Amino acid sequence: MISHAQFQQQAAEGHTHIPVVREVLSDLDTPLSVYLKLADGPNTYLFESVEGGERFGRYSIIGLPARRVYAFHGHALTVRENGQVVESREVADPFAEVEALRSAHSVPKLDGLPGFTGGLVGWFGFECIGYIEPRLASPAGRDELGTPDILLLHSDELAVFDNLKGRLYLIVHADPRQAGAFEQAQARLDALTAKLRAPGAGYPAPLTSDVLDESDFVSGFTREGFVDAVQRSKEYIRAGDIFQVVLSQRLSVPFKARPVDVYRALRALNPSPYMYFLDVGDLQVVGSSPEILVRLQDGEVTVRPIAGTRPRGATPELDQALEVELLADPKERAEHLMLIDLGRNDAGRVSKAGTVEVGEQFVIERYSHVMHIVSEVTGQLQPGLSYADVLRATFPAGTVSGAPKIRALEVIRELEPIKRNVYAGSIGYIGWHGDADTAIAIRTAVIKDGRLYVQAGAGIVYDSDPDKEWDETMNKGRALFRAVAQAAKGL
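Going by numbering that gives the first Met the number 0, 62 is the number at position 63 of the sequence shown; the sequence numbering is gapless.
In structure tokens:
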């Protein structure tokens with residue numbers, strides 16, 4: 000899609016990296032089959048989307064093995080290239096460092112391509128709040144997983160699947176400062192095309208045939224401990240410290256099956272606006288999140304608060320009755336309004352004055368096991384600001400922390416026994432052009448050292464029933480429980 004002459008023109012304009020693209024008919028493939036053919040290994044990812052829980056989004060993104068990986072543990076940055084440490088240093092502001100890594104790349108926008116053609120892909124863990132609020136920077140609970148606070152893949156080779164047209168864009172970024180860069184990129188595209196068209200060997204046989212069910216998952220909380228934490232939260236609410244706090248529990252189970260099989264099962268059981276599979280070698284992250292953290296696209300900031308939950312009904316009539324009950328519930332409406340206000344405040348901190356608007360309000364979105372109340376808040380980004388500023392203003396989401404946010408975060412640190420790590424942080428991409436799209440890391444599993452971890456939370460308010468809040472966390476985890484059971488049994 001770009002000629003050698005166009006490549007040279009882009010280089011003359013001063014761009015440091017130029018996407019060299021090949022469009023391939025791929026109507027017999029799926030995003031998952033393309034991932035398995037071209038990626039399927041460490042430092043790769045697959046992002047898909049079902050909008051509103053019902054239809055597939057237009058584009059799916061397959062990240063080919065990233066040669067360069069950035070990992071932040073606290074303020075310590077480690078850079079690995081081809082698996083070897085090439086740089087280690089302390090950084091004062093990790094968010095600013097991420098923006099510096101992004102802005103060091105000048106990449107042209109090419110007509111006819113999807114919005115994301117390369118960038119930084121990975122997660123910002125929940126404990127990144129310590130970068131924003133110094134009093135939250137001290138250790139929280141027990142660090143059970145030891146995952147980086149920020150992990151980002153330098154994604155410069157990818158495949159973007161156009162689900163509408165059945166076409167695939169193979170994208171390789173070339174550095175015009177290197178001799179023969181255009182020809183090398185074309186040779187790489189030739190190799191990828193051949194790999195894509197080669198006959199498949201068939202999917203390997205299942206690794207296990209284990210039978211798992213919900214009772215096999217072990218919680219970091221006992222039920223009694225969780226109930227006590229809810230009661231303590233309500234004491235803080237009655238004292239006027241907070242209006243709401245989101246308490247979560249983490250459950251885990253031994254897991255020996257292929258991590259990608261959890262993704263396969265989850266995408267069938269619980270399709271969501273944000274579906275992701277990240278393989279970073281020593282751990283995998285699998286998720287099907289319904290909720291955006293924040294999107295920055297063409298200068299527009301978008302947040303979509305989700306608060307208010309009911310299980311799905313066994314029949315259409317019961318499902319409709321549960322929707323009516325949910326929308327009429329004073330507790331759920333009050334909680335949702337509180338989080339709309341928090342979203343407006345967060346977006347307002349980085350938006351031009353007078354541009355923050357609430358679009359759709361109190362819309363019901365349905366997923367496999369639950370339904371939610373959803374609203375949308377937008378604003379126009381102030382000049383001179385970047386995604387790093389947007390992240391500072393919105394992280395973490397009020398829907399996984401509470402209100403007022405900082406005091407709620409202190410309560411979470413007091414009452415939850417373990418660090419959240421990836422859970423309730425964000426997962427997504429920051430494009431080289433500055434646009435970004437990140438989901439809240441909920442309905443998400445982390446697989447590490449032969450164990451699989453699932454975490455889910457519930458919003459606690461003044462009249463919360465502790466037993467019902469425990470049940471809500473289990474309802475939210477149920478799609479993942481089923482996906483894990485299917486993967487363990489063998490798909």
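Glycine included, every Cβ here is placed at the ideal spot set by N, Cα and C.
Bear in mind that the values here come from a model prediction, so they are computed numbers and not experimental data.
- Message: I need the DSSP call for serine 59, collapsed to helix, strand or coil.
- Response: strand
- For the stretch 145-163 against the stretch 67-83, are there 3 or more C-beta pairs whose distance is under 8 Å? yes
- Task: Whole angstroms is fine: what's the gap from glycine 347's alpha carbon to valine 357's?
- Result: 12 Å
- Three-state class that DSSP yields for arginine 303 in the structure shown: coil
- Item | Stretch-stretch touch, CB-based, cutoff 8 Å, three pairs: the stretch 88-101 with the stretch 385-405 | yes
- Task: Mind listing, in chain order, the continuous beta strand (DSSP E) runs of no fewer than 3 residues lying wholly within the stretch 81-115?
- Result: For the stretch 81-115, whole beta strand (DSSP E) runs of length 3 or above, ordered along the chain, are 83-89.
- With respect to the alpha helix (DSSP H) encompassing tyrosine 235, which residues constitute its N-terminal and C-terminal limits? 222-237
- Item | Where glutamine 381 sits in the DSSP three-state scheme | coil
- Task: Could you tell me the boundaries of the alpha helix (DSSP H) in which serine 32 lies?
- Result: Unbroken alpha helix (DSSP H) run through serine 32: 30-37.
- Query: Going along the chain, which residues of its own chain have a beta-carbon closer than 8 Å to the beta-carbon of leucine 76, five neighbours each way excluded?
  - Reply: Tyr69, Ala70, Glu86, Ser87, Arg88, Glu89, Val90, Pro93 and Glu96
- the stretch 13-23 contacting the stretch 164-177, beta-carbon criterion three pairs below 8 Å: yes
- Start and end residues, beta strand (DSSP E) containing glutamate 364: 362-365
- Message: Check for me: the alpha helix (DSSP H) holding leucine 135 runs from which residue to which?
- Response: No alpha helix (DSSP H) contains leucine 135, which DSSP labels as neither H nor E.
- Is DSSP giving glycine 476 helix, strand or coil here? helix
- Could you have a look at lysine 351 and say whether DSSP puts it in helix, strand or coil? Assigned with DSSP and collapsed to three states, lysine 351 falls in coil, not helix or strand.
- Task: Give the DSSP-derived three-state secondary structure of histidine 3 in the structure shown.
- Result: helix
- Which residues bound the alpha helix (DSSP H) around glutamate 322? 315-327
- Query: What do you get for aspartate 464, buried or exposed, if any count of 16 or more other CB atoms within 10 angstroms of its CB means buried?
  - Reply: exposed
- Message: My output table needs one value for histidine 153: the three-state DSSP class, helix, strand or coil.
- Response: In the three-state reduction of the DSSP assignment, histidine 153 falls in the strand class, which pools E and B.
- Task: Return the first residue and the last residue of the beta strand (DSSP E) that glutamine 248 is part of.
- Result: 243-253
- Task: List the endpoints of the continuous alpha helix (DSSP H) containing proline 18.
- Result: Run containing proline 18: none in the alpha helix (DSSP H); it sits in the beta strand (DSSP E), 17-24.
- Message: If contact is defined by three or more beta carbon pairs under 8 Å, each pair taking one atom from either stretch, is the stretch 107-116 in contact with the stretch 368-385?
- Response: no
- Item | Local conformation of phenylalanine 394 per DSSP, three classes | DSSP places phenylalanine 394 in coil when its eight states are reduced to three.
- Mark glutamine 230 as exposed unless 16 or more other C-beta atoms lie within 10 angstroms of its C-beta, in which case mark it buried. exposed
- Task: Leaving aside the five residues before and after leucine 250 along the sequence, list all residues of the same chain whose C-beta is less than 6 Å from its C-beta, in chain order.
- Result: Contacts found: Phe216, Ser218 and Val453.
- Message: Less than 8 Å between the beta carbons of glutamate 498 and isoleucine 426, yes or no?
- Response: As shown, the chain starts at 0 and ends at 490. That puts residue 498 outside it, with no answer to give.
- Query: For valine 399, which of helix, strand or coil comes out of DSSP?
  - Reply: Here valine 399 carries a helix assignment [DSSP, helix/strand/coil].
- Task: Throw me the rounded Cβ distance for the glycine 424 and phenylalanine 220 pair, which I believe falls under 8 Å.
- Result: About 20 Å separates the beta carbons of glycine 424 and phenylalanine 220, which is beyond the 8 Å limit, so they are not a contact pair.
- Query: Between leucine 119 and isoleucine 128, which are expected to be in contact by the criterion C-beta below 8 Å, what is the C-beta distance as a whole number of angstroms?
  - Reply: Going by Cβ atoms, the distance from leucine 119 to isoleucine 128 rounds to 20 Å, so no, they are not a contact pair.
- Query: For glutamine 454, which three-state DSSP category applies?
  - Reply: strand
- Exposed or buried, which one is aspartate 466 when buried takes at least 16 other CB atoms within 10 Å? Under this definition aspartate 466 is an exposed residue.
- Message: I need the DSSP call for leucine 27, collapsed to helix, strand or coil.
- Response: coil
- Task: Could you check what DSSP says for serine 218 in three-state terms: helix, strand or coil?
- Result: strand
- Message: Applying the 10 Å Cβ sphere with the 16-neighbour rule, what's the burial state of tyrosine 130?
- Response: buried
- C-beta contact flag for histidine 335 and serine 287 at 8 Å: No, the pair does not count as a contact, with Cβ atoms beyond the cut-off.
- Item | Identified DSSP bridge partners for lysine 467 | According to DSSP, lysine 467 bridges with nothing at all.
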